[in-house]
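Have a look at the structure below, then the notes.
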Amino acid sequence: MYRYTTPRFIQWFDPFLIWKMKKREQPTLYLTFDDGPHPTITPWVLEILKQFNARATFFCVGDNVRKYPEVYAQILREGHSTGNHTFNHLNGWKSEKGNYYANIDSCRELVDSKLFRPPYGKIRPAQVLHLKKQKYQVIMWSILSRDFEADLDKEKSLATLKTSCRDGSILLFHDSEKAQKNLEFLLPALLDHCTSRGFQFAAI
Ligand SMILES: [Zn+2]
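Numbering (the numbering used here), first residue to last: 15 to 218.
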């Protein structure tokens with residue numbers, strides 16, 4: 015069972031990981047989309063974001079950038095930011111460190127960014143320190159949409175997301191096939207709700 019929000023003790027436990035953003039003048043939310051780019055789902059996300067004048071951050075899998083470079087270019091062209099999500103979506107807990115770092119470097123060749131998000135949110139302290147030395151910012155999240163769950167109660171998820179958003183919250187979604195059905199329900203509704211309550215959406 016996944017939780018929607020990150021327990022506070024975890025946020026406190028590792029100050030090298032970023033779980034929320036600093037306050038700005040206008041209340042701001044930070045949408046993030048992991049695992050793309052995808053040839054149809056990512057352009058759909060971009061269209062929705064455009065409708066709400068929202069900017070977001072896409073943590074891309076290098077191999078998908080290799081397959082769909084034109085979609086990746088569109089993300090940047092429309093004013094969003096991108097981050098490194100390894101080349102093959104590696105689990106930091108299960109990867110030998112040389113492999114893990116080489117996989118991040120391979121992604122970096124296609125994704126010119128110093129933002130990194132560990133696949134599955136799983137990363138070891140030594141890996142975090144290595145990335146810090148390489149000047150990466152390791153971006154985690156404040157709120158998990160759980161959009162990847164096949165049997166998600168969408169109405170309940172939306173209600174929880176609406177009440178969980180705070181100034182500076184980082185929200186995690188996926189531009190992937192697994193999440194598509196839930197994403198199509200949650201994303202426009204959440205953007206509509208939060209925009210009408212005075213939030214702006216910015217890229218990290
Ligand atoms: Zn991922």
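Just so you know, even glycine gets a beta-carbon here, dropped at the ideal spot from N, CA and C.
Residue i Cβ short of 6 Å to ligand 1 heavy atom set
i	result
P51	no
P132	no
D189	no
D48	yes
Distance CB(residue i)-CB(residue j) smaller than 7 Å
i	j	result
H94	D189	no
R131	G97	yes
F213	P41	yes
K146	F30	yes
Residue interval of the alpha helix (DSSP H) (run including residue i)
i	result
L60	55–65
Y44	Note, Y44: premise wrong, no alpha helix (DSSP H); beta strand (DSSP E) at 42–48.
S120	111–122
A217	No alpha helix (DSSP H) holds A217; DSSP gives it neither H nor E.
A68	Careful: A68 lies outside any alpha helix (DSSP H) and carries neither H nor E.
Residue span of the beta strand (DSSP E) that contains residue i, given as start and end
i	result
G106	First-last for G106: undefined, no H or E at that position.
N98	95–98
Ligand 2 heavy atom lying under 6 Å from the CB of residue i
i	result
D181	Questions concerning ligand 2 fall outside what the structure shown contains, since the ligands it does hold are ligand 1.
Check whether the segment 100–118 touches the segment 56–70, counting contact only when three or more Cβ pairs, one atom from each stretch, lie closer than 8 Å.
Contact between the segment 100–118 and the segment 56–70 is absent, because fewer than three Cβ pairs lie under 8 Å.
Check: Where in the segment 146–194 do unbroken runs of the beta strand (DSSP E), each at least 3 residues long, occur, reported from the N-terminal end onward?
Finding: Segments of the beta strand (DSSP E) lying fully in the segment 146–194: 151–153, 184–188.
Inspect the CB distances between the segment 153–166 and the segment 108–117 and report whether three or more fall short of 8 Å.
no
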